[in-house]
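Participant:
There are 2 protein chains.
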Amino acid sequence: MSAVSPRRSVAEARATRTAILERGVAIASVEGLERLTIGRLAVELGMSKSGVLGHFGSKEVLQLEVVDEAAAVFTREVADRAAGAEHGFPRLLALSGAWVSYLERGVFPGGCFFTAAGVEFDDRPGRVRDAVAALTGVWEGDLRRQARLAVEAGDLPADTDPDQVVFELLGATFALNHALRLHGDSSALPRARRVMARVLGHELPR
Amino acid sequence: MSAVSPRRSVAEARATRTAILERGVAIASVEGLERLTIGRLAVELGMSKSGVLGHFGSKEVLQLEVVDEAAAVFTREVADRAAGAEHGFPRLLALSGAWVSYLERGVFPGGCFFTAAGVEFDDRPGRVRDAVAALTGVWEGDLRRQARLAVEAGDLPADTDPDQVVFELLGATFALNHALRLHGDSSALPRARRVMARVLGHELPR
DNA sequence: CCTACCGATCGGTAGG
DNA sequence: CCTACCGATCGGTAGG
Numbered sequence: 016m017s018a019v020s021p022r023r024s025v026a027e028a029r030a031t032r033t034a035i036l037e038r039g040v041a042i043a044s045v046e047g048l049e050r051l052t053i054g055r056l057a058v059e060l061g062m063s064k065s066g067v068l069g070h071f072g073s074k075e076v077l078q079l080e081v082v083d084e085a086a087a088v089f090t091r092e093v094a095d096r097a098a099g100a101e102h103g104f105p106r107l108l109a110l111s112g113a114w115v116s117y118l119e120r121g122v123f124p125g126g127c128f129f130t131a132a133g134v135e136f137d138d139r140p141g142r143v144r145d146a147v148a149a150l151t152g153v154w155e156g157d158l159r160r161q162a163r164l165a166v167e168a169g170d171l172p173a174d175t176d177p178d179q180v181v182f183e184l185l186g187a188t189f190a191l192n193h194a195l196r197l198h199g200d201s202s203a204l205p206r207a208r209r210v211m212a213r214v215l216g217h218e219l220p221r
Numbered sequence: 016m017s018a019v020s021p022r023r024s025v026a027e028a029r030a031t032r033t034a035i036l037e038r039g040v041a042i043a044s045v046e047g048l049e050r051l052t053i054g055r056l057a058v059e060l061g062m063s064k065s066g067v068l069g070h071f072g073s074k075e076v077l078q079l080e081v082v083d084e085a086a087a088v089f090t091r092e093v094a095d096r097a098a099g100a101e102h103g104f105p106r107l108l109a110l111s112g113a114w115v116s117y118l119e120r121g122v123f124p125g126g127c128f129f130t131a132a133g134v135e136f137d138d139r140p141g142r143v144r145d146a147v148a149a150l151t152g153v154w155e156g157d158l159r160r161q162a163r164l165a166v167e168a169g170d171l172p173a174d175t176d177p178d179q180v181v182f183e184l185l186g187a188t189f190a191l192n193h194a195l196r197l198h199g200d201s202s203a204l205p206r207a208r209r210v211m212a213r214v215l216g217h218e219l220p221r
């Protein structure tokens with residue numbers, strides 16, 4: 016009979032690590048990356064604190080890995096859903112629709128993970144802040160690129176500022192997340208779609 | 016000779032209380048209402064923990080008073096600056112301009128207090144969440160009322176949805192706060208003004 | 001992966 | 001307004 020707790024196989028260790036990160040993303044989206052504590056993860060997963068910590072070495076590394084896991088979820092639930100659309104205007108439209116759908120579906124139990132993490136860490140220097148800012152920046156850069164391509168292809172007016180487009184799409188999702196989470200007001204969903212449709216000059220796909 | 020520390024006068028106690036709240040608002044805007052700890056306030060103000068706590072009785076009451084103090088600052092720095100404009104369209108325009116100016120001036124050291132508090136508490140039931148949601152709701156209601164008056168006066172198109180106007184103004188300020196705080200990107204200031212000017216059909220006052 | 005432990009800090013109380 | 005203290009929890013380490 017093999018021992019029950021110590022010395023798990025590599026595959027088992029990896030499964031444990033995944034379970035920690037998935038639970039961590041859920042906790043952090045609801046209560047923030049700071050309230051994601053090692054002891055709490057340990058209790059919820061039926062492990063010891065040092066068992067949890069052993070996978071990461073420090074809380075900061077745990078936070079960084081949770082941020083990366085959240086980015087993987089966002090990519091899967093938003094970007095990948097638009098991957099079938101051609102670059103430029105069709106992709107921009109598909110990304111916008113998938114972005115609203117991601118909030119509508121409540122992919123993270125606490126709303127948009129990156130909205131929460133951005134506000135939580137924007138004034139705290141460190142690796143977590145840098146990671147959140149970089150990932151957000153990549154997403155905004157992707158959108159900007161699609162907007163630029165759409166202008167070049169003549170699908171958006173020639174005087175369209177791609178940065179302005181990204182700014183307005185971001186604003187719509189922030190305002191939507193706010194209405195849904197703080198006020199429980201789902202009537203903001205068509206409002207967000209309406210803003211995006213106006214910015215892009217076209218109805219969003221569902 | 017009167018004693019140096021215990022038994023302050025009523026006026027002195029009130030001054031101490033004000034100092035605690037002002038420091039508390041600053042800390043909370045940067046690091047959040049949760050990291051606003053009694054011990055930290057005590058150290059920064061050169062007091063004992065129980066000296067700080069004695070003014071409020073519990074951390075939750077301290078947080079509620081800090082939220083109220085932040086609301087007073089917001090009223091002074093935004094709403095009051097537009098109080099000279101007539102109700103309806105002029106007021107809506109003045110409020111929007113003052114709102115962007117409030118973010119540009121960096122009234123709170125950590126950016127918009129209510130954006131931060133809203134995201135921090137939106138998924139945590141309790142009195143703090145209720146207070147933040149209520150204050151935000153009052154502000155949104157004020158804006159909606161001015162938008163409605165503007166429609167009734169014919170200053171905004173008759174088919175304008177006041178809720179949509181408020182949603183888009185909110186989005187502009189959320190996106191602006193995000194760009195300023197997370198990316199240090201002040202080029203978002205004219206973008207926010209541009210969004211608002213389009214929503215209102217008129218340039219913002221400075 | 002565990003137990004056992006560390007110093008630091010949390011919110012809060014007793015008593016003056 | 002203070003000192004002195006409480007139990008709980010924090011991140012993290014030693015050693016297996």
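Taken in sequence, the protein lines are chains A and B.
Take 16 as the starting number for the first sequence in the numbering used here and just add one per residue.
Take 16 as the starting number for the second sequence in the numbering used here and just add one per residue.
Quick reminder that beta carbons are idealized off the backbone N, C-alpha and C, glycines included.
Note that the structure is a prediction, hence the values are computed from the model and not measured.
Whose C-beta lies closer than 7 Å to the C-beta of ALA187(A) among residues of the same chain, with five residues either side of it excluded?
Facilitator: Against the first sequence, residue 187(A) aligns to sequence position 172. Around ALA187(A): ALA207, VAL210, MET211.
Participant: Rounding to the nearest angstrom, what Cα-Cα distance links PHE89(B) and SER201(B) in this structure?
Facilitator: If you number the second sequence from 1, residue 89(B) lands on position 74. If you number the second sequence from 1, residue 201(B) lands on position 186. For PHE89(B) and SER201(B), the distance between alpha carbons rounds to 21 Å.
Participant: Which chain B residues sit within Cβ distance under 7 Å of ARG183(A)?
Facilitator: Counted from its first residue, the first sequence places residue 183(A) at position 168. According to the sequence shown, residue 183(A) is Glu rather than Arg. What GLU183(A) touches in chain B: VAL210.
Participant: Would you kindly work out how many angstroms separate the C-alpha atoms of ARG213(B) and GLY69(B), rounded to a whole number?
Facilitator: Here the question's residue 213(B) lines up with position 198 in the second sequence. Here the question's residue 69(B) lines up with position 54 in the second sequence. When rounded, the distance between both Cα atoms is 50 Å.
Participant: Rounded to the nearest angstrom, what separates VAL147(A) and VAL134(A) at their Cα positions?
Facilitator: Position 132 of the first sequence, counted from the start, is the residue given in the question as residue 147(A). Position 119 of the first sequence, counted from the start, is the residue given in the question as residue 134(A). When rounded, the distance between both Cα atoms is 10 Å.
Participant: Are LEU60(B) and ALA34(B) touching if we call contact CB-CB under 8 Å?
Facilitator: Residue mapping note: residue 60(B) aligns to position 45 of the second sequence, counting from 1. Residue mapping note: residue 34(B) aligns to position 19 of the second sequence, counting from 1. Going by C-beta atoms, LEU60(B) is nearer than 8 Å to ALA34(B).
Participant: Is the CB-CB distance between ALA168(A) and GLY103(A) below 8 Å?
Facilitator: Numbered from its first residue, the first sequence carries residue 168(A) at position 153. Numbered from its first residue, the first sequence carries residue 103(A) at position 88. Result yes, Cβ atoms of ALA168(A) and GLY103(A) sit closer than 8 Å.
Participant: Which residues mark the beginning and the end of the alpha helix (DSSP H) in which ALA28(B) is found?
Facilitator: The count along the second sequence starts at 1 and reaches residue 28(B) at position 13. Unbroken alpha helix (DSSP H) run through ALA28(B): 25 to 46.
Participant: What's the call for VAL153(B), buried or exposed, on a 16-neighbour Cβ count within 10 Å?
Facilitator: Start at 1 with the first residue of the second sequence, and residue 153(B) comes out as number 138. Flag for VAL153(B) reads exposed.
Participant: Output needed for HIS217(A): all residues of its chain with C-beta closer than 7 Å, excluding positions within five of it in sequence on either side, in chain order.
Facilitator: Stepping through the first sequence from its first residue, residue 217(A) is reached at position 202. So the list reads LEU108, once near-sequence residues are dropped.
Participant: State the DSSP-derived secondary structure class of ASP170(A), mapped to helix, strand or coil.
Facilitator: Within the first sequence, residue 170(A) is the residue found at index 155, counting from 1. Coil.
Participant: Beta-carbon of ASP95(A) versus every beta-carbon of chain B: anything under 8 Å?
Facilitator: For the purposes of this step, residue 95(A) is taken as the residue at position 80 of the first sequence. Output row for ASP95(A): interface = no.
Participant: From the beta carbon of THR175(A), is the nearest beta carbon of chain B less than 8 Å away?
Facilitator: For this step, residue 175(A) is matched to residue 160 along the first sequence. No, its Cβ sits nowhere closer than 8 Å to a Cβ of chain B.
Participant: Have a look at ARG160(A), PRO140(A), ALA85(A), ALA57(A) and flag the residue whose alpha-carbon is nearest the alpha-carbon of GLN179(A).
Facilitator: By 1-based counting over the first sequence, the position of residue 179(A) is 164. Per the Cα distances, ARG160(A).
Participant: Only counting the same chain, and skipping five residues up and downstream in sequence, which positions put a Cβ closer than 7 Å to that of PRO177(B)?
Facilitator: As a position in the second sequence, residue 177(B) is number 162, starting the count at 1. Here the set comprises ARG159, ALA162, ARG163, VAL166.
Participant: List the endpoints of the continuous alpha helix (DSSP H) containing GLY66(A).
Facilitator: Translated into the one-based positions of the first sequence, residue 66(A) becomes position 51. Run containing GLY66(A): 64 to 68, per the alpha helix (DSSP H) assignment.
Participant: Do LEU77(A) and ARG142(A) have their CB atoms nearer than 8 Å?
Facilitator: Residue mapping note: residue 77(A) aligns to position 62 of the first sequence, counting from 1. Residue mapping note: residue 142(A) aligns to position 127 of the first sequence, counting from 1. No, the pair does not count as a contact, with Cβ atoms beyond the cut-off.
Participant: Since THR130(A) meets chain B, which of its residues come closer than 7 Å, beta carbon to beta carbon?
Facilitator: Counted from its first residue, the first sequence places residue 130(A) at position 115. Neighbours of THR130(A) on chain B, chain order: VAL134.
Participant: Which same chain residues, not among the five before or five after ALA100(A), have their C-beta less than 6 Å away from its C-beta?
Facilitator: The residue given as residue 100(A) occupies position 85 in the first sequence. ARG106, ALA109, listed in sequence order.
Participant: Please identify the residue among THR175(B), PHE129(B), ALA173(B) whose C-alpha is closest to the C-alpha of VAL155(B).
Facilitator: As a first step, residue 155(B) is located in the second sequence; it is residue number 140 there, counting from the start. Looking at the sequence shown, residue 155(B) is not Val but Glu. Measuring from the Cα of GLU155(B), the nearest candidate turns out to be PHE129(B).
Participant: The alpha helix (DSSP H) with PRO306(B) in it runs from where to where?
Facilitator: No answer is possible for residue 306(B): it lies beyond the span of chain B, which begins at 16 and ends at 221.
Participant: Report the residue ranges of all alpha helix (DSSP H) runs contained in full by the region 55 to 137 of chain B; include only those spanning at least 4 residues, in chain order.
Facilitator: Complete alpha helix (DSSP H) runs here, min 4: 64 to 68, 74 to 89, 104 to 120, 128 to 136.
Participant: Could you tell me whether the Cβ atoms of LEU197(B) and VAL115(B) are closer together than 8 Å?
Facilitator: Along the second sequence, read from residue 1 onward, the residue named residue 197(B) stands at position 182. Along the second sequence, read from residue 1 onward, the residue named residue 115(B) stands at position 100. Not closer than 8 Å, so no.
Participant: Starting from the C-beta of GLU183(B), find all residues in its chain whose C-beta is less than 6 Å away, skip the five residues before and the five after it, and write them out in chain order.
Facilitator: In the second sequence, the residue the question calls residue 183(B) occupies position 168. Closer than 6 Å at Cβ, skipping near neighbours: VAL214.
Participant: What does VAL45(A) touch in chain B if you count any residue whose Cβ is under 7 Å from its own?
Facilitator: Mapped onto the first sequence, residue 45(A) falls at position 30. ASP138, listed in chain order.
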